[in-house]
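**Student:** Quick one: structure below, then a few questions.
There are 2 protein chains.
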Amino acid sequence: MTQAIAALGLTPSRTHLLWELGQRGPVTQQVLATALKITPRAVTGLVDALVGSGLVTREPHPTDRRATLVTLTSRAEALVSQLKRGHEALARSLFAPMARTEFDSFARGLDGVIVRLRTHLAATALESQRAKP
Amino acid sequence: MTQAIAALGLTPSRTHLLWELGQRGPVTQQVLATALKITPRAVTGLVDALVGSGLVTREPHPTDRRATLVTLTSRAEALVSQLKRGHEALARSLFAPMARTEFDSFARGLDGVIVRLRTHLAATALESQRAKP
DNA sequence: CCCGGATGGTTACCATTCTTCACTATAGAG
DNA sequence: CTCTATAGTGAAGAATGGTAACCATCCGGG
Numbered sequence: 001m002t003q004a005i006a007a008l009g010l011t012p013s014r015t016h017l018l019w020e021l022g023q024r025g026p027v028t029q030q031v032l033a034t035a036l037k038i039t040p041r042a043v044t045g046l047v048d049a050l051v052g053s054g055l056v057t058r059e060p061h062p063t064d065r066r067a068t069l070v071t072l073t074s075r076a077e078a079l080v081s082q083l084k085r086g087h088e089a090l091a092r093s094l095f096a097p098m099a100r101t102e103f104d105s106f107a108r109g110l111d112g113v114i115v116r117l118r119t120h121l122a123a124t125a126l127e128s129q130r131a132k133p
Numbered sequence: 134m135t136q137a138i139a140a141l142g143l144t145p146s147r148t149h150l151l152w153e154l155g156q157r158g159p160v161t162q163q164v165l166a167t168a169l170k171i172t173p174r175a176v177t178g179l180v181d182a183l184v185g186s187g188l189v190t191r192e193p194h195p196t197d198r199r200a201t202l203v204t205l206t207s208r209a210e211a212l213v214s215q216l217k218r219g220h221e222a223l224a225r226s227l228f229a230p231m232a233r234t235e236f237d238s239f240a241r242g243l244d245g246v247i248v249r250l251r252t253h254l255a256a257t258a259l260e261s262q263r264a265k266p
């Protein structure tokens, strides 16, 4: 993905933000911070850069004067839909050759692994929290 | 992995370098650059930091006076084997619950996906090379 | 109504990772 | 012995992300 992204003159993080914005429509930077799993401070920098590139605008929030709504420009919307098409094409070329039953059991296996990984991460996160205070 | 790594007072990149060094034994920085898929210049910085932490030493290459051999200290070796144990334990907890046949077909499916992904990457890499000159 | 705590965003500062370009020193082929 | 390729580094900078301090605004309980 990084290759295709760089070809469009974007960095991975900025693209990730555009992608989320494409999924959710205009949202506050807090929402973006949560979606991207970064701090609100980091969102500020990414939005600054994208505003500078004319891919995003900051609009005032209609009811909360503290917040800003980040919105895709039409240029960015075209770009995001191009990314989405590329993503779907890649996914198809990776998984289409698998037989249906083969794909299903593969997906089930992967689901199990992910569940166990999440469990493990939650457990170790609790441990480090207990180690701090 | 990043969590477990930080708990040992290491950064991800530096740990990756130690890991590779653990797999290969003493090697030149060129070899490390290739293994880590970064430029030789970046290796210099990582090795500098690890020398500062007493985890690695720079030894002169026996036959090539331009090159240096990067070597793990005993402290780093203990640390790497601890990482390896953690890695194996995690892998077991993720995959052990799968039945043998289930695991086999999962692994086969994953292999296929990876092969197709590599093919795709190679193709797009050629495209961007053709676009440059 | 208003006061105090919570929330949204930003300024300032720093660490990490990695890159490109220029340069030195050594190897090795012809 | 010269010419080129290779190993490593200095300088400068881009991108990503974090913490701490701070301001403006929101909102609920007195």
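Same order as they appear, the protein sequences are chains A and B. Okay, so the first sequence: first residue is 1 according to our numbering, each after it adds one. Okay, so the second sequence: first residue is 134 according to our numbering, each after it adds one. Positions of the beta carbon are idealized from the N, C-alpha and C atoms, including for glycine.
1) Rounded C-beta distance between residue 40 of chain A and residue 69 of chain A? I'm assuming under 8 Å.
2) Taking only beta-carbon atoms, is residue 116 of chain A less than 8 Å away from chain B?
3) Just the Cα atoms here: how many angstroms apart are residue 233 of chain B and residue 61 of chain A?
4) What's the C-alpha gap between residue 55 of chain A and residue 8 of chain A?
5) Taking Cβ-Cβ distances shorter than 8 Å, what residues in chain B pair up with residue 13 of chain A?
6) Leaving out five residues on either side along the sequence, give the residues of the same chain with a beta carbon under 7 Å from the beta carbon of residue 163 of chain B.
7) Closer than 8 Å by beta-carbon distance: list the chain A residues that pair up with residue 245 of chain B, in chain order.
8) Tell me the rounded alpha-carbon separation between residue 227 of chain B and residue 115 of chain A.
9) With respect to the alpha helix (DSSP H) encompassing residue 46 of chain A, which residues constitute its N-terminal and C-terminal limits?
10) Using the Cα positions of residue 132 of chain A and residue 123 of chain A, report the straight-line distance between them to the nearest angstrom.
11) According to the neighbour-count rule (16 or more other Cβ atoms, all chains shown, within 10 Å of its Cβ), is residue 242 of chain B buried or exposed?
12) Residue range of the beta strand (DSSP E) that residue 57 of chain A falls in?
13) For residue 102 of chain A, go through chain B and note every residue whose CB falls closer than 8 Å to its CB, in chain order.
14) CB residue 223 of chain B to CB residue 120 of chain A, shorter than 8 Å?
15) For residue 143 of chain B, which of helix, strand or coil comes out of DSSP?
16) Quick check on this structure: which residue in A/23, A/34 and A/45 has the alpha carbon closest to the alpha carbon of residue 175 of chain A?
17) Does the CB of residue 223 of chain B have a neighbour CB from chain A at under 8 Å?
**Tutor:** From the atom records:
1) Residue 40 of chain A to residue 69 of chain A, Cβ: 14 Å. No contact.
2) yes
3) 55 Å
4) Cα to Cα, the separation comes out at about 12 Å.
5) Here the premise fails: no neighbours, minimum Cβ distance about 17 Å.
6) 173
7) 97 and 98
8) So the two alpha carbons sit approximately 9 Å from each other.
9) 40-52
10) At residue 132 of chain A, the pLDDT of 46 sits below 50, so the modelled position is not reliable and the matter cannot be decided from this model.
11) buried
12) 56-60
13) The contacting residues are 238 and 242.
14) yes
15) coil
16) Past the boundaries of the shown model lies residue 175 of chain A; chain A is included only from 1 to 133, so the question cannot be answered.
17) It does; some Cβ of chain A falls within 8 Å.
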